[in-house]
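Take a look at the structure set out below.
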Amino acid sequence: MMNEYYPNFAIIKEIKKETINTNTFVLKFTDQKIADKFSWKPGQFMMLSVLGVGESAISISSVENDNSINATIRNVGNVTNSIFSLKKGDSLGMRGPYGTGWPLEKIIGKDILIVAGGMGLAPLYGVINHVIRNRTEYGHLEIIYGARTPENMVFKDEFSKWKRIKNSTFFLTADEITRENPFECRTGLVTSCFPMMKTHHRNAIALLCGPEIMMRFAAKCLETIGFADKKIYLSLERRMKCGIGKCGHCQIGLKYVCKDGPVFNYDDIKPFIRPL
Ligand SMILES: Cc1cc2nc3c(=O)[nH]c(=O)nc-3n(C[C@H](O)[C@H](O)[C@H](O)COP(=O)(O)OP(=O)(O)OC[C@H]3O[C@@H](n4cnc5c(N)ncnc54)[C@H](O)[C@@H]3O)c2cc1C
Ligand code: FES
């Protein structure tokens with residue numbers, strides 16, 4: 016019988032620096048058959064492992080034509096630190112994809128509001144690419160991205176392209192701007208952009224990802240401007256062990272974040288996340 020916890024090996028094809036403590040790792044399964052079979056949805060995640068250290072849940076930010084997986088990782092602790100010690104050509108363990116993705120089929124024909132904070136842009140990067148590739152299927156696209164400083168922002172190379180997406184609005188905002196401001200960032204929290212946004216709740220769906228406090232604030236502000244809870248989706252982060260709904264580590268209410276999430280409809284999950 017197949018052991019679901021058994022990782023496959025993946026080789027690091029490229030490492031791209033995003034910020035002082037964040038890199039995008041381009042990972043390819045060493046077994047070509049596994050690479051060929053790989054399919055995913057934006058919002059899903061992989062379990063990446065370093066032998067003798069442990070495993071971490073990491074979102075799939077994008078997948079290339081040869082099915083190499085882009086994983087944008089912030090170096091915060093044991094596993095991520097070990098991954099950062101690896102070089103191009105080294106290998107690590109990888110299993111997945113796991114979890115639900117963003118409801119891309121359900122939101123066809125709608126305006127899309129993306130609100131992302133810090134690393135929260137990683138699982139939403141695939142949504143932005145999907146909307147770019149299928150531009151006529153979706154209405155207005157509004158992206159609001161915030162981070163502590165402009166230097167802390169990920170995917171900076173994409174910003175000029177995203178500013179030119181047809182029928183879209185793009186706001187960048189930082190808690191503080193200490194040095195230069197190359198992307199015309201505003202100062203303030205993501206919610207400070209809400210009074211200027213074009214999106215009207217009538218035909219829009221909001222997709223949120225970032226620190227939980229940011230998502231709770233953003234969801235509350237969206238409610239006050241008329242967004243129904245069922246029109247808001249968010250991606251939750253919990254500490255994970257198995258990643259496949261067996262161990263209960265990521266349980267929230269009656270749901271498992273790894274299996275039933277990480278993307279949830281706000282209406283379903285609201286009772287289980289701490290109110291403001
Ligand atoms: C669905 C999902 C998707 C994710 N996607 C990404 C992604 O794309 N990129 C990314 O960089 N990260 C992502 N993460 C977060 C990532 O999984 C964690 O940052 C990573 O597992 C940390 O592992 P570590 O061993 O390096 O850190 P650890 O050594 O586990 O420490 C990480 C931090 O957590 C604290 N900590 C340690 N143990 C606990 C505990 N029991 N309870 C609370 N805090 C604790 C530590 O003090 C430290 O600040 C995602 C998480 C989930 C659930
Ligand atoms: S991580 Fe084990 S049940 Fe979710």
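In terms of our numbering, the sequence shown opens at residue 16 and continues consecutively. Backbone N, C-alpha and C define an ideal beta-carbon position, used for all residues, glycine too.
Asked, Found
"Does the segment 165-172 touch the segment 29-44, meaning 3 or more C-beta pairs lie closer than 8 Å?", "yes"
"Tell me, please, whether the segment 60-67 touches the segment 85-94 by the rule of three or more beta-carbon pairs shorter than 8 Å.", "yes"
"Please output, in chain order, the residues near ligand 2 using a CB cut-off of less than 7 Å to any non-hydrogen atom of the ligand.", "MET255, LYS256, CYS257, GLY258, ILE259, GLY260, LYS261, CYS262, GLY263, HIS264, CYS265, GLN266, TYR271, VAL272, CYS273, LYS274"
"I need the straight-line Cα distance from ASN80 to PHE53, nearest angstrom please.", "11 Å"
"Output the distance between the C-alpha atoms of VAL130 and VAL272, rounded to the nearest integer angstrom.", "20 Å"
"Per DSSP, which one or two residues make a beta bridge with ASN38?", "LYS32, ILE88"
"I need the DSSP call for ARG150, collapsed to helix, strand or coil.", "helix"
"In terms of alpha-carbon separation, which member of GLY124, VAL142, SER106 lies closest to ARG217?", "GLY124"
"Which of helix, strand or coil does DSSP assign to LYS43?", "strand"
"Could you give the C-beta distance for PRO277 and GLU252, rounded to a whole number, given that I count them as a contact under 8 Å?", "7 Å"
"Any idea what DSSP makes of ASN182, helix, strand or coil?", "coil"
"What residue range does the alpha helix (DSSP H) around GLU19 cover?", "Note, GLU19: premise wrong, no alpha helix (DSSP H); not H, not E."
"Which residue wins for smallest C-alpha separation from TYR113, given the options PRO22, GLY225, VAL68?", "PRO22"
"Can you give me the C-alpha to C-alpha distance between ILE26 and VAL78, rounded to a whole angstrom?", "14 Å"
"Within the present structure, is the beta-carbon of PRO277 separated from the nearest heavy atom of ligand 1 by less than 7 Å?", "yes"
"At 3 residues or longer, and completely inside the segment 102-148: list those beta strand (DSSP E) runs for me, N to C.", "106-113, 126-132"
"So, at 8 Å on beta carbons, what are the nonlocal neighbours of PRO226 in its own chain, with the 5 sequence-adjacent residues on each side left out?", "GLY132, GLY133, GLY135"
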